[in-house]
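In the working numbering, the protein residues as written are 161 to 777. Ideal placement from N, C-alpha and C gives every residue a C-beta, glycine not left out. The structure appears right after this line, and notes come after that.
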């Protein structure tokens with residue numbers, strides 16, 4: 161007969177049950193699970209309520225056990241029952257796995273790494289040692305938002321339990337009513353944006369990922385309607401929020417009261433370490449406990465809390481079990497912070513400053529009936545500079561929701577394929593069109609070449625390594641290299657790196673004898689990056705042996721604008737740092753190149769530079 165041990169486990173981390181891992185599979189065999197015999201596929205999740213462990217099977221909450229010993233680090237408490245099934249599929253929130261057991265095999269041991277790996281061992285009944293090891297991926301602990309161009313703010317988005325391990329579907333109960341809820345992460349349009357040294361010289365050649373305040377939220381959303389009037393100290397509402405217990409004893413539409421932290425049941429004399437603080441349940445009496453935190457002792461009644469400085473300790477109502485002389489006296493504690501959260505207040509319970517101007521996260525609470533009901537936190541700081549307490553992210557940098565899920569600027573793509581474009585002003589260009597006899601000698605013009613690859617330009621659909629924009633008796637002409645000859649083209653523009661999204665257009669007013677005005681777009685060469693809708697303009701007069709109007713750098717001689725909008729162009733000719741455009745083009749220290757120099761060098765990537773945001777659990 162085929163069978164499998166169905167196992168319910170509760171996990172702890174560093175001696176504390178954090179609620180991040182609930183049930184793997186199974187129920188305790190106590191005579192209450194006869195219905196399993198008729199179930200071919202079972203779906204499981206779990207709750208840990210006031211020291212008792214429950215399993216939710218197809219919407220029904222079943223008592224599974226109590227008195228778990230949450231003692232040593234990395235310990236499990238498991239209960240098993242024998243189920244006569246060939247196949248069982250189990251679901252804990254987004255964790256889904258399936259397995260088959262042969263008629264002479266049973267589960268011998270479970271190992272789950274509190275992230276996304278499950279290892280289960282199975283063996284022949286007669287064997288005491290596992291013969292095989294099987295690993296399965298459970299859930300996703302990294303979600304990638306990729307291929308984000310530097311100039312495009314990312315669109316609004318949401319991460320749900322199916323998207324990221326650490327976001328879950330849950331069940332709780334109040335006044336004997338089951339309440340389903342889940343957590344998710346949302347961001348608004350334009351909340352994240354890559355910015356370059358065009359906007360902040362500290363960014364230099366590296367783009368930075370910025371975040372706009374009030375745009376990113378972690379939300380616990382109620383899928384079933386919640387009546388806040390049913391919440392009291394006698395009928396508290398317990399929720400999993402950012403991996404810890406939120407114990408609510410009073411709630412209104414925009415505020416909640418109670419306790420928030422690690423929930424743990426201790427016997428008299430037990431101790432745990434929380435946030436580097438040693439918490440000892442020293443003594444238990446009728447409805448009271450004596451708690452010691454780092455040599456500070458306080459007596460706390462049920463339903464009350466005491467402040468121990470860095471930690472508050474709350475005693476759950478009805479949890480104190482006391483019999484005179486018994487060695488099994490116990491109580492349930494929530495160790496963390498008093499919960500007194502109101503919309504727009506700093507989330508001090510999560511370790512935030514009590515000052516709104518300094519806090520990174522604020523509460524956002526909406527529990528009114530008839531609308532979406534949620535408890536959330538929202539970011540309160542702009543991350544748009546590098547030298548403050550809440551910096552923008554450079555590649556590899558990371559920030560997180562309070563001790564939970566983080567955001568990392570992971571990779572930048574495109575910089576590995578840069579093309580060096582050399583631009584030189586000359587008054588002695590000798591050009592020949594070969595057998596056609598068309599020649600130009602000592603022509604004035606601007607010469608384009610590249611050190612990085614051959615045939616980097618396209619003129620008249622022909623790939624070439626050199627391009628000349630020359631003045632021929634007051635007419636602007638484009639010539640290109642072809643073997644040992646230079647060929648005159650009928651084109652008025654040409655492309656860079658064979659990409660029709662990047663084009664160079666010479667000035668309409670000619671290339672020599674310009675009027676010197678830096679306010680007239682027609683006097684400038686324009687490089688247009690159509691794929692990102694930005695443009696770069698530079699002034700070069702072939703009558704001069706230097707770039708610009710004067711023999712020194714001028715701010716207006718080099719301009720840049722998003723959306724190729726000349727009216728909003730930034731003047732960057734005197735920048736004393738490397739300038740990175742939104743396409744990913746780099747102008748090395750314009751101040752050193754413009755003016756007395758006769759050459760200008762640009763680094764232009766083959767494709768637009770893009771970045772990646774990784775959300776990590």
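Neighbourhood of residue 579 by C-beta, 8 Å cutoff - its chain only, sequence neighbours within 5 removed:
610, 612, 613, 616, 656, 657, 763, 764, 765 and 766
Compute the Euclidean distance between the alpha carbons of residue 325 and residue 341, then round it to the nearest angstrom.
16 Å
Assuming residue 538 and residue 605 are in contact, meaning their beta carbons sit under 8 Å apart, how far apart are those beta carbons, in whole angstroms?
Rounded, the Cβ-Cβ distance is 57 Å, inconsistent with contact.
Rounded to whole angstroms, what's the CA-CA distance from residue 398 to residue 372? Just pull it up for me.
32 Å
Three-state secondary structure assigned by DSSP to residue 835
Residue 835 lies beyond the residue range present for the chain, which begins at 161 and ends at 777; the question has no answer from this structure.
Quick check: what's the CA-CA separation for residue 755 versus residue 553?
35 Å
Pick from 312, 307 and 650: whose alpha carbon is nearest that of residue 722?
312
Using only the alpha-carbon positions, how far apart do residue 558 and residue 426 sit?
36 Å
Suppose you measure from the CA of residue 390 to the CA of residue 725; what does that come to, to the nearest Å?
59 Å
So what's residue 338 in DSSP terms, helix, strand or just coil?
strand
CB residue 540 to CB residue 561, shorter than 7 Å?
no
Report the partner residues of residue 437 according to the DSSP bridge assignment.
434
Candidates 694, 673 and 718, of which the one nearest residue 786 by Cα:
Since the first residue shown for the chain is 161 and the last is 777, residue 786 is missing from the structure and cannot be characterised.
Rounded C-alpha distance that separates residue 408 from residue 338:
16 Å
Buried versus exposed, by CB contacts within 10 Å (16 or more), residue 749:
exposed
For residue 524, the residue or residues it bridges with in DSSP
536
Mapping the DSSP letters down to three states, classify residue 508 as helix, strand or coil.
helix
Exposed or buried, what is residue 760 when buried is set at 16 or more other beta-carbons lying within 10 Å of its beta-carbon?
buried
Shortest alpha-carbon distance to residue 712 belongs to which of 647, 740 and 752?
752
Tell me which residues share the same chain as residue 440 and place their Cβ nearer than 6 Å to its Cβ, disregarding the 5 neighbours each side in the sequence.
431 and 452
Nearest to residue 707 by CA position, among 731, 586 and 686, is which residue?
586
Report yes if the C-beta distance between residue 705 and residue 742 is below 7 Å; otherwise report no.
no
Beta-carbon proximity of residue 146 to residue 667, cut-off 7 Å
Missing from the structure shown is residue 146; the chain here goes from 161 to 777 and no further.
So what does residue 655 bridge to, in DSSP terms?
618 and 663
What ranges does the beta strand (DSSP E) occupy inside the segment 566-597, keeping only unbroken runs of at least 3 residues that lie completely in it?
566-573 and 578-592
With DSSP as the reference, label residue 449 as helix, strand or coil.
strand
So, under 8 Å CB-CB, residue 318 and residue 344 are touching, yes? Tell me the CB distance rounded to an integer number of Å.
6 Å
Among 417, 450 and 465, whose alpha-carbon lies nearest the alpha-carbon of residue 459?
450
Enclosing alpha helix (DSSP H) for residue 751 [first to last residue]
750-753
Suppose contacts are defined by Cβ-Cβ distances below 7 Å. Is residue 496 in contact with residue 403 by that definition?
no
Would you decide whether residue 635 is buried or exposed? Buried here means 16 or more other CB atoms lie within 10 Å of its CB.
exposed
Considering only residues of the same chain and omitting the five flanking positions on each side of residue 376, which have a CB-CB separation below 6 Å?
347, 351 and 539
Straight-line Cα distance separating residue 314 from residue 349
6 Å
Name, in chain order, the residues that DSSP records as bridge partners for residue 500.
417
Taking all protein chains shown into account, decide if residue 383 is buried (16 or more other Cβ within 10 angstroms of its Cβ) or exposed.
exposed
Bridge-paired residues (DSSP) for residue 329:
342
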